[in-house]
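This report concerns only the one structure given below.
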Amino acid sequence: MAKIVRTERYRRGLFGWLFRIAFWAFNLIMLAWVASYWGILSDVHVDSAHPQAAKVGMAIGGTIGTGVIMVFWMMGAVILGLLVLFTRGRKAIIEEQID
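Below, the structure is given as C-alpha coordinates:
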(Lines of atoms letter the chains of each structure in order from A and count residues from 1; the text may use other names and numbers.)
(Lines give C-alpha, C1' and ligand atoms only; values in the text may rest on other atoms or scores of the structure.)
Protein backbone atom coordinates (compact mmCIF):
# COMPACT_ATOMS: atom_id res chain seq x y z
CA MET A 1 0.00 0.00 0.00
CA ALA A 2 1.52 3.30 -1.11
CA LYS A 3 1.57 6.19 1.28
CA ILE A 4 1.76 9.84 0.24
CA VAL A 5 3.90 12.09 2.43
CA ARG A 6 3.59 15.85 2.12
CA THR A 7 6.48 18.05 3.24
CA GLU A 8 6.38 21.83 3.54
CA ARG A 9 9.45 23.72 2.38
CA TYR A 10 10.08 27.44 2.19
CA ARG A 11 12.15 28.75 -0.69
CA ARG A 12 14.15 31.78 0.35
CA GLY A 13 15.08 34.61 -1.96
CA LEU A 14 18.27 36.66 -1.92
CA PHE A 15 17.22 38.89 0.97
CA GLY A 16 16.01 35.87 2.91
CA TRP A 17 19.43 34.26 2.68
CA LEU A 18 21.21 37.53 3.50
CA PHE A 19 19.12 38.06 6.63
CA ARG A 20 19.60 34.44 7.66
CA ILE A 21 23.38 34.68 7.28
CA ALA A 22 23.37 38.02 9.13
CA PHE A 23 21.33 36.46 11.95
CA TRP A 24 23.74 33.56 12.48
CA ALA A 25 26.82 35.77 12.06
CA PHE A 26 25.45 38.23 14.62
CA ASN A 27 24.82 35.43 17.13
CA LEU A 28 28.34 34.03 16.66
CA ILE A 29 29.87 37.49 17.08
CA MET A 30 27.88 38.12 20.24
CA LEU A 31 28.87 34.72 21.64
CA ALA A 32 32.53 35.54 20.96
CA TRP A 33 32.09 38.96 22.60
CA VAL A 34 30.62 37.45 25.78
CA ALA A 35 33.29 34.75 25.92
CA SER A 36 36.12 37.25 25.44
CA TYR A 37 34.59 39.60 28.04
CA TRP A 38 34.40 36.80 30.59
CA GLY A 39 37.96 35.81 29.69
CA ILE A 40 39.15 39.35 30.32
CA LEU A 41 37.32 39.43 33.64
CA SER A 42 38.91 36.17 34.75
CA ASP A 43 42.43 37.45 33.94
CA VAL A 44 42.17 40.65 35.99
CA HIS A 45 44.50 40.70 39.00
CA VAL A 46 43.53 42.89 41.93
CA ASP A 47 46.36 45.08 43.24
CA SER A 48 44.87 47.67 45.55
CA ALA A 49 44.80 48.70 49.19
CA HIS A 50 41.37 47.07 49.58
CA PRO A 51 41.47 43.79 47.64
CA GLN A 52 38.13 42.51 48.98
CA ALA A 53 36.30 45.66 47.88
CA ALA A 54 38.03 45.51 44.50
CA LYS A 55 36.88 41.91 43.98
CA VAL A 56 33.30 42.81 44.90
CA GLY A 57 33.41 45.82 42.59
CA MET A 58 34.77 43.68 39.78
CA ALA A 59 31.96 41.16 40.31
CA ILE A 60 29.31 43.89 40.26
CA GLY A 61 30.85 45.57 37.22
CA GLY A 62 31.15 42.24 35.43
CA THR A 63 27.50 41.51 36.08
CA ILE A 64 26.43 44.92 34.80
CA GLY A 65 28.67 44.58 31.73
CA THR A 66 27.35 41.10 30.98
CA GLY A 67 23.79 42.38 31.34
CA VAL A 68 24.42 45.20 28.86
CA ILE A 69 25.93 42.77 26.34
CA MET A 70 22.96 40.41 26.81
CA VAL A 71 20.48 43.26 26.21
CA PHE A 72 22.25 44.17 22.95
CA TRP A 73 22.32 40.50 22.00
CA MET A 74 18.60 39.98 22.63
CA MET A 75 17.57 43.17 20.82
CA GLY A 76 19.66 42.26 17.78
CA ALA A 77 18.50 38.64 17.80
CA VAL A 78 14.83 39.65 17.96
CA ILE A 79 15.16 42.21 15.16
CA LEU A 80 17.17 39.93 12.88
CA GLY A 81 15.03 36.92 13.81
CA LEU A 82 11.89 38.76 12.73
CA LEU A 83 13.55 39.73 9.46
CA VAL A 84 14.52 36.08 8.90
CA LEU A 85 10.96 35.00 9.65
CA PHE A 86 9.38 37.58 7.36
CA THR A 87 11.71 36.79 4.43
CA ARG A 88 11.44 33.00 4.51
CA GLY A 89 9.75 32.80 1.12
CA ARG A 90 6.73 31.04 -0.27
CA LYS A 91 5.56 27.70 0.96
CA ALA A 92 6.09 24.81 -1.43
CA ILE A 93 4.43 21.47 -0.68
CA ILE A 94 6.44 18.48 -1.87
CA GLU A 95 4.56 15.21 -2.24
CA GLU A 96 6.43 11.91 -2.13
CA GLN A 97 5.05 8.45 -2.54
CA ILE A 98 6.50 5.86 -0.17
CA ASP A 99 5.97 2.19 -0.94
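Heads up: the sequence shown begins at 2 in our numbering, then just goes up one per residue.
Even for Gly, the Cβ is constructed at its ideal location relative to N, Cα and C.
Inset, instruction - Would you mind sorting Val69 into buried or exposed? The rule is 16 or more other CB atoms within 10 Å of its CB. - result: exposed
Inset, instruction - Please classify Thr8: does DSSP put it in a helix, a strand, or coil? - result: strand
Inset, instruction - Spatial neighbours of Gln98 within its chain, please: CB distance less than 6 Å, with the 5 preceding and 5 following residues excluded, ordered by chain position. - result: Ala3, Ile5
Legend entry - the segment 86 to 94 / the segment 26 to 43 touching (three or more Cβ pairs under 8 Å): no
Legend entry - Phe87 burial status per 10 Å Cβ neighbour count (16 or more: buried): exposed
Inset, instruction - Return helix, strand or coil for Ala93, following the three-state DSSP convention. - result: strand
Legend entry - Pairwise C-alpha distance: Thr8 and Gly62: 50 Å
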